[in-house]
Amino acid sequence: MAQIEIAGLRKAYNGAVAIDGVDLNVASGSFVTLLGPSGCGKTTTLRCLAGFITPDAGAIRVEGRDIMGLGPEGRDFGVVFQNYALFPHLSVFDNVAYGLQARRVPKAEIAARVAEVLGLVQLGHLKDRLPRALSGGQQQRVALARALVIRPQALLLDEPLANLDAKLRFEMRWLIRELQRKAGITALYVTHDQAEAMALSDQVAVMKQGRIAQLGSPRDIYQRPRERYVAEFTGEASYLKARIAEAVGNGRYRVATAGGEVIANGPAGLAAGSRHLLLLRPEALQPGAAGLRATLQGRFFVGSAQHCEMRIGDEVIKLYLPPQAELGEGAAVTLAVDQDAAWLLPDEAAP
Amino acid sequence: MKARLILGLAAGAGLGILYAFLLAPLVVVVLASLSGGEVLAFPPTGFSLKWFAKFFGHESFRNALWLSLQVAVTSTVVVAVVATMAALFQRGLSRNLAGPFRTLLLMPLLMPEILTAIGLLFFLYQIGLGNTYLGLQIGHVVITLPFAFLSITSALDQVDPALEEASASLGAGYGRTTLKVMLPLIKPGIITGGLFTFIVSFDMFAMSFLLKTVGGNTLPLALFDYLKYDFDPTAAAAATVSILFALAVVALVEKLVGLRRAF
Amino acid sequence: MTARPWRLAILGAPALFLLVVFFVLPYGEIVMMSFRTPSSSAPYGDGVTLANYARMFADGHYLGILAETVAVGASITAICLLISFPIALHLSNVGDRWHTLFYACVVSPLLVGVLVRNFGWMIILSFNGPINQILLALGLIDRPVRLLFTVEVVVLALVHVFIPFMVLPITTALRNIPPSLYEASRSLGAGRFATFWRVTLPLSFPGVQSGVILVFVLAISAYVTPVLLGGQFVVLMPTVIVQQLIAAFAWPFGAVLAMILTLSTLTCVLVFAFATRGLARRAAIGRTP
Ligand SMILES: Nc1ncnc2c1ncn2[C@@H]1O[C@H](COP(=O)(O)OP(=O)(O)OP(=O)(O)O)[C@@H](O)[C@H]1O
Ligand SMILES: [Mg+2]
Numbered sequence: 002m003a004q005i006e007i008a009g010l011r012k013a014y015n016g017a018v019a020i021d022g023v024d025l026n027v028a029s030g031s032f033v034t035l036l037g038p039s040g041c042g043k044t045t046t047l048r049c050l051a052g053f054i055t056p057d058a059g060a061i062r063v064e065g066r067d068i069m070g071l072g073p074e075g076r077d078f079g080v081v082f083q084n085y086a087l088f089p090h091l092s093v094f095d096n097v098a099y100g101l102q103a104r105r106v107p108k109a110e111i112a113a114r115v116a117e118v119l120g121l122v123q124l125g126h127l128k129d130r131l132p133r134a135l136s137g138g139q140q141q142r143v144a145l146a147r148a149l150v151i152r153p154q155a156l157l158l159d160e161p162l163a164n165l166d167a168k169l170r171f172e173m174r175w176l177i178r179e180l181q182r183k184a185g186i187t188a189l190y191v192t193h194d195q196a197e198a199m200a201l202s203d204q205v206a207v208m209k210q211g212r213i214a215q216l217g218s219p220r221d222i223y224q225r226p227r228e229r230y231v232a233e234f235t236g237e238a239s240y241l242k243a244r245i246a247e248a249v250g251n252g253r254y255r256v257a258t259a260g261g262e263v264i265a266n267g268p269a270g271l272a273a274g275s276r277h278l279l280l281l282r283p284e285a286l287q288p289g290a291a292g293l294r295a296t297l298q299g300r301f302f303v304g305s306a307q308h309c310e311m312r313i314g315d316e317v318i319k320l321y322l323p324p325q326a327e328l329g330e331g332a333a334v335t336l337a338v339d340q341d342a343a344w345l346l347p348d349e350a351a352p
Numbered sequence: 004m005k006a007r008l009i010l011g012l013a014a015g016a017g018l019g020i021l022y023a024f025l026l027a028p029l030v031v032v033v034l035a036s037l038s039g040g041e042v043l044a045f046p047p048t049g050f051s052l053k054w055f056a057k058f059f060g061h062e063s064f065r066n067a068l069w070l071s072l073q074v075a076v077t078s079t080v081v082v083a084v085v086a087t088m089a090a091l092f093q094r095g096l097s098r099n100l101a102g103p104f105r106t107l108l109l110m111p112l113l114m115p116e117i118l119t120a121i122g123l124l125f126f127l128y129q130i131g132l133g134n135t136y137l138g139l140q141i142g143h144v145v146i147t148l149p150f151a152f153l154s155i156t157s158a159l160d161q162v163d164p165a166l167e168e169a170s171a172s173l174g175a176g177y178g179r180t181t182l183k184v185m186l187p188l189i190k191p192g193i194i195t196g197g198l199f200t201f202i203v204s205f206d207m208f209a210m211s212f213l214l215k216t217v218g219g220n221t222l223p224l225a226l227f228d229y230l231k232y233d234f235d236p237t238a239a240a241a242a243t244v245s246i247l248f249a250l251a252v253v254a255l256v257e258k259l260v261g262l263r264r265a266f
Numbered sequence: 030m031t032a033r034p035w036r037l038a039i040l041g042a043p044a045l046f047l048l049v050v051f052f053v054l055p056y057g058e059i060v061m062m063s064f065r066t067p068s069s070s071a072p073y074g075d076g077v078t079l080a081n082y083a084r085m086f087a088d089g090h091y092l093g094i095l096a097e098t099v100a101v102g103a104s105i106t107a108i109c110l111l112i113s114f115p116i117a118l119h120l121s122n123v124g125d126r127w128h129t130l131f132y133a134c135v136v137s138p139l140l141v142g143v144l145v146r147n148f149g150w151m152i153i154l155s156f157n158g159p160i161n162q163i164l165l166a167l168g169l170i171d172r173p174v175r176l177l178f179t180v181e182v183v184v185l186a187l188v189h190v191f192i193p194f195m196v197l198p199i200t201t202a203l204r205n206i207p208p209s210l211y212e213a214s215r216s217l218g219a220g221r222f223a224t225f226w227r228v229t230l231p232l233s234f235p236g237v238q239s240g241v242i243l244v245f246v247l248a249i250s251a252y253v254t255p256v257l258l259g260g261q262f263v264v265l266m267p268t269v270i271v272q273q274l275i276a277a278f279a280w281p282f283g284a285v286l287a288m289i290l291t292l293s294t295l296t297c298v299l300v301f302a303f304a305t306r307g308l309a310r311r312a313a314i315g316r317t318p
């Protein structure tokens with residue numbers, strides 16, 4: 002259990018910058034996820050932390066102590082790899098015992114600790130198998146057990162669920178979260194799956210081209226993203242051009258859009274008359290008595306709901322309607338806006 | 004940090020020694036052949052090409068070089084054709100036939116050359132081919148066949164079966180598909196295999212030693228005979244000629260296909 | 030797509046013919062020859078006999094040579110392994126830019142005939158060769174010493190000849206080890222040395238195994254090097270066999286010696302493969318889904 006601090010981390014591969022000034026604070030015992038599209042530098046950040054690569058600049062501190070001088074073996078992090086990286090020539094038991102043997106833990110204690118952790122991941126009965134005789138999910142659990150058994154300062158996981166099928170991924174999500182909570186261990190998790198990130202994390206760091214664009218609770222980054230990039234990456238989103246009419250409270254504004262005026266949240270201190278983007282999550286909109294005037298442009302049925310596209314002026318927004326709602330194409334609809342789910346973003350295209 | 008630096012330097016020095024060990028005999032031979040002195044000594048005294056002149060002027064060396072080239076070129080041509088056909092044959096076989104076929108073809112590589120030579124010596128005598136050029140040539144072909152077969156099959160394994168299917172779906176028969184699609188794709192493998200065949204045949208000793216015709220020395224045999232009585236830079240010149248051939252082959256393979264893919 | 034069977038048969042026919050007639054039958058011929066009676070006027074007589082085998086086993090001389098040959102082969106293999114492993118380790122790690130150069134260093138000796146490489150050692154170890162000169166200059170000896178024509182020199186030269194055969198399979202095995210295994214090991218607290226010992230070494234074993242078998246078989250049957258660098262002082266099995274065939278013209282007895290050498294080699298290889306089968310099976314890198 003430890004607090005981790007990453008400051009100004011930079012790494013270029015042969016001149017190509019992979020990460021450029023990553024700052025991140027991981028509180029002791031918390032679960033933090035690095036979320037971002039492919040190639041944004043998540044793995045690079047994690048590997049710098051684990052000590053597999055040396056960053057060009059920046060500092061990494063654990064409990065305030067600089068660990069840059071230490072090799073991977075001195076850092077005491079449990080790493081879970083995407084391809085599991087189980088030792089193919091060692092049995093499940095020996096794989097899990099590996100880190101304890103390296104630490105010269107007495108034999109009897111090794112046996113007890115390995116048995117305990119294998120019990121936690123429900124693999125006690127397979128301890129003599131070789132990894133190649135295990136299913137993907139079982140291998141994943143061995144990898145997790147191997148990283149946990151050493152009681153590391155922190156758990157580092159790089160897309161550990163990427164190779165599993167959807168159902169297993171769901172189960173493993175819970176297992177990881179549960180084990181992490183139980184052990185009270187600090188965890189840094191890498192994924193490009195936003196649902197996974199939200200479900201697991203205390204804090205999510207959304208990465209963009211080698212930097213952290215925003216760090217916040219899942220609710221924060223979903224409902225109060227700082228820029229369009231973050232909003233886009235965290236879920237389905239629509240945008241309307243908006244101009245602030247007036248502030249109606251702290252961080253609350255009346256804004257004018259092509260579909261009429263609505264009340265929306267935003268960062269404090271936006272000037273009246275300034276141009277912004279109004280972020281509308283699909284679930285924030287419902288047909289109602291007052292709100293945005295829109296016409297239904299198209300819809301399709303997905304079982305639990307109907308996904309609709311609504312035209313407002315020359316802009317298009319998305320929303321979900323209940324499956325039984327009967328609306329013809331071209332119908333005029335008034336959309337009530339849930340104030341807490343409408344959020345003002347800087348309009349990057351505006352001058 | 005400092006300890007790691009010292010460790011790194013020590014490792015580097017150790018590796019340097021190992022690589023030097025690998026190359027030393029070759030370097031020494033080449034340098035000795037350029038000696039200006041009268042005896043085989045190292046480091047050589049002065050510089051001259053006179054030993055090469057002496058080598059080419061030496062009739063038995065000249066004949067031996069000529070015979071070696073003849074045998075090696077014949078082996079190359081025959082083996083390239085036979086091995087290519089065999090590789091295509093293996094591709095067409097079902098899995099449980101392809102394995103044994105492959106093992107059979109690689110056997111000459113796995114069995115010691117001297118034993119194969121002994122068997123051939125007995126056998127060729129039985130069928131009346133003892134002490135003939137043809138017998139020697141057969142011996143070379145048998146030994147070199149697996150080298151070419153290996154590099155051609157590995158090139159063939161890289162070819163996506165979908166390409167054959169595509170060609171067939173466009174109306175090409177087996178012959179056309181093989182000529183127009185497969186052969187161009189495996190050409191690098193055939194070239195590599197051919198070059199190896201040439202050099203292995205050119206350098207072959209044990210087989211030539213047992214199967215040679217009376218008075219018909221190949222270059223390695225001539226060098227061997229020469230070394231029994233003489234120890235002067237002419238021998239080094241003869242050896243250098245061999246090395247130059249090998250270097251030419253390495254360079255050609257690297258240029259045409261890349262060394263790493265070749266092995 | 031496949032060819033019609035008769036077309037396919039045409040493709041395979043030349044190779045099959047060549048190998049069956051000029052490889053399989055000749056080995057059969059060795060077996061047959063070993064049971065022939067000797068003859069003074071021809072390479073062999075008409076009768077069939079076991080006397081050649083009896084002669085070989087009755088004479089401790091040949092068994093002694095066989096034992097020495099196996100011992101020399103084993104030491105060559107062991108030294109070869111010790112030298113080749115670091116080279117393979119380096120070769121599997123070296124960056125792309127330098128790769129070709131080092132690869133060429135390992136492969137070129139393979140393409141230069143054994144004879145030429147032996148000749149290089151003859152120059153290096155001769156009376157006025159560099160080794161003697163260095164020893165003289167250092168004052169360790171006061172006149173050149175005879176270095177050639179010893180078992181040690183034969184071993185050295187054969188180690189040199191066979192290094193590529195050991196390096197290449199080990200390099201392949203090392204390259205097949207996923208780098209994430211090293212990272213996993215390090216992050217679990219094992220240092221470089223422990224990682225080498227517990228991950229690199231066991232996982233490279235399939236390469237080590239094939240290298241060892243290949244080199245041992247080749248070393249046991251090496252002919253040129255012992256003759257050139259050992260002279261009359263180093264007498265190993267292949268030399269004796271060739272003497273019987275070419276000098277004494279005693280084909281049946283030569284065939285017996287060849288048979289015995291082959292069978293002993295085969296036995297050694299099988300024993301080794303059997304003894305290490307567990308290691309090899311474990312180390313075969315299974316595909317992780
Ligand atoms: N070993 C390397 N050599 C050169 N470039 C690299 C290397 N590793 C990563 N990169 C580059 O650095 C950038 C960041 O890579 P990184 O692996 O950190 O991305 P990632 O966020 O983990 O992506 P993914 O989700 O696809 O795993 C990418 O542009 C990648 O091409
Ligand atoms: Mg990644």
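Protein chains in written order, with our numbering: chain Z, 2 to 352; chain W, 4 to 266; chain A, 30 to 318.
Don't be surprised by glycine CBs; every beta carbon is placed ideally from N, CA and C.
As the structure is a prediction and not an experimental result, all values here were calculated from the model.
Whole-angstrom C-beta distance between residue j and residue i, which should lie under 8 angstroms
i        : j        : result
Phe148/A : Ala23/W  : Contact doesn't hold; Cβ gap of about 18 angstroms is too wide.
Ser39/Z  : Ala3/Z   : Actually they do not touch by this definition, with Cβ atoms about 29 angstroms apart.
Leu88/W  : Leu40/A  : It should be noted that the sequence gives Met, not Leu, for residue 88/W. Right, their Cβ atoms sit about 4 angstroms apart.
Val196/A : Ser104/A : Actually they do not touch by this definition, with Cβ atoms about 18 angstroms apart.
Ala285/Z : Ala342/Z : 3 angstroms
Ser71/W  : Leu198/W : Actually they are not in contact, since the Cβ atoms of Ser71/W and Leu198/W sit about 15 angstroms apart, beyond 8 angstroms.
Ser245/W : Val141/A : 6 angstroms
DSSP beta-bridge partners of residue i
i        : result
Ala333/Z : Thr296/Z
Trp175/Z : Beta-bridge pairing links Trp175/Z to no other residue.
Arg212/Z : Lys209/Z
Glu247/Z : Arg255/Z
His308/Z : Phe301/Z, Tyr321/Z
Val163/A : The sequence shown places Ile at residue 163/A, not Val. None; Ile163/A has no bridge partner.
Thr187/Z : Ala155/Z
| task | Anything in the segment 131-145 of chain W with a Cβ closer than 7 angstroms to a Cβ of chain A? List those residues in chain order, please. | result | Ile141, Val144, Val145
| Among all residues, which have a Cβ less than 6 angstroms from at least one non-hydrogen atom of ligand 4, and in what chain order do they fall? | Ligands displayed in this structure: ligand 1 and ligand 2; ligand 4 is not among them.
| request: Could you run through the segment 209-225 of chain A and flag, in chain order, every residue whose CB is less than 8 angstroms away from some CB of chain W? | output: none
| request: Pull out every residue of the segment 93-104 of chain Z whose Cβ sits closer than 7 angstroms to any Cβ of chain A, in chain order. | output: Answer set for the segment 93-104 of chain Z: Tyr99, Gly100, Ala103, Arg104.
| query | the segment 247-259 of chain Z: which residues have C-beta closer than 8 angstroms to a C-beta of chain A, in chain order? | reply | The residues in question: there are none.
| Residues from the segment 224-246 of chain A in contact with chain Z, defined by Cβ distance under 7 angstroms | Val228, Pro231, Leu232
| task | May I ask you to list, following chain order, the residues of the segment 108-122 of chain A that have a beta carbon less than 8 angstroms from some beta carbon of chain W? | result | Sequence-ordered contacts of the segment 108-122 of chain A with chain W read Ile112, Pro115, Ile116, His119 [C-beta pairs closer than 8 angstroms].
| Taking Cβ-Cβ distances below 8 angstroms as the criterion, which residues of the segment 168-181 of chain A are in contact with chain Z? | none
| query | Any residues in the segment 122-135 of chain A with a beta carbon nearer than 9 angstroms to a beta carbon of chain W? Which ones, in chain order? | reply | Those residues of the segment 122-135 of chain A placed with their C-beta closer than 9 angstroms to a C-beta in chain W are His128, Thr129, Phe131, Tyr132, Ala133, Cys134, Val135, ordered along the chain.
| message | What are the residues in the segment 54-74 of chain Z lying within 9 angstroms of chain A by C-beta distance? | response | Those residues of the segment 54-74 of chain Z that come within reach of chain A (Cβ to Cβ, closer than 9 angstroms) are Gly72, Pro73, Glu74.
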